[in-house]
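Notes to accompany the following structure.
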Ligand code: ADP
Ligand code: MG
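In UniProt numbering, the protein residues as written are 61 to 303.
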């Protein structure tokens, strides 16, 4: 499928975040609905072309728990990539609307995300690098899939160099600039699962008024967050505690 900006008609906005905006679009030649992410990056044309080349790896990432990739292209100095639309949306939105998730749903989410991460790492040596509720999506078939993983080292670098490049889900070693590996995705998954269980960001209680920098310092210096054991099954508390 050769995607071109001219062939895509925007239907609605789905959201905006880390350096990009996502909209629901129709691909006119095939009448198919897709999600299109547009990324604004101030970079040399050569860097943008490299990002585009690196994004092509996503064509080879085929797994039931990975959001399908339809293609990427450059348009007026912006990078776009199109992917499968996940019609129920992302976990942050569902959590904001419905509050905490029931344990059985958290179980399904955990298994789905781990299968997706395991596929990416064992088959493509890809570490996600940006796992968080907004990058975990659900569709009305009940499937849970992950998106926005770090296929393009150049894209990861370009976003890291901007103001929006930090995330509340970053592990202490990532914040310190140490080696980044699968363990850092495990941290992000733990924080994400705690948030889904609590219905709010797990560090929020003490951190509500912290600046980005203070929150990052808190993650690096303070003890690990844990769940109140009286409110949740013991197995789940142990699962998010292991690190
Ligand atoms: P972030 O992930 O940091 O919130 P993004 O630009 O990646 O920022 O995504 C913005 C929003 O678009 C997400 O929060 C999510 O709700 C929505 N979104 C992203 N990809 C899809 C998709 N494939 N299908 C449906 N919604 C999506
Ligand atoms: Mg995202």
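All C-beta atoms, glycine included, are put in the ideal place defined by N, C-alpha and C.
In summary, residue 173 is buried, with 16 or more beta-carbon neighbours lying within 10 Å of its beta-carbon over all protein chains present. With a cut-off of 8 Å on Cβ pairs, the region 155-175 is in contact with the region 199-210, counting three or more such pairs.
Rounded to whole angstroms, residue 92 and residue 175 show a C-alpha spacing of 27 Å. Taken in chain order, the complete alpha helix (DSSP H) segments of 4 residues or longer contained in the region 108-179 are 151-158. Distances from the alpha-carbon of residue 104 to those of 285, 138, 227 and 146 put 138 closest. Nearest to residue 288 by alpha-carbon distance, out of 100, 257, 274 and 275, is 257. Residue burial annotation: residue 164 is exposed, with fewer than 16 other C-beta atoms found within 10 angstroms of its C-beta. Counting of Cβ neighbours within 10 angstroms places residue 62 among the exposed residues, the total staying below 16.
In the structure shown, the three-state DSSP call for residue 69 is strand. For residue 86, the enclosing beta strand (DSSP E) stretches over residues 80-87. Per DSSP, reduced to three states, the secondary structure at residue 234 is helical. Taking C-alpha positions only, residue 68 is separated from residue 87 by approximately 5 Å. Look at residue 272: its beta carbon is at least 8 Å from all of the heavy atoms in the ligand ADP.
Between residue 133 and residue 144, the CB-CB gap reaches or exceeds 9 Å. The Cβ neighbour count for residue 192, taken over all protein chains shown within 10 Å, is at least 16; the residue is labelled buried. The Cβ-Cβ distance between residue 210 and residue 234 does not fall below 9 Å. Between the ligand MG and residue 78, a heavy atom-to-CB distance of less than 8 Å is present.
Secondary structure of residue 258 (DSSP, three-state): helix. Rounded to whole angstroms, the gap between the alpha carbons of residue 230 and residue 247 is 8 Å. Burial of residue 97 is indicated by the presence of at least 16 other C-beta atoms within 10 angstroms of its C-beta. Excluding five sequence positions before and after residue 291, none of the CB atoms of its chain fall closer than 7 Å to its own CB. The secondary-structure analysis by DSSP pairs residue 98 across a beta bridge with 81 and 140.
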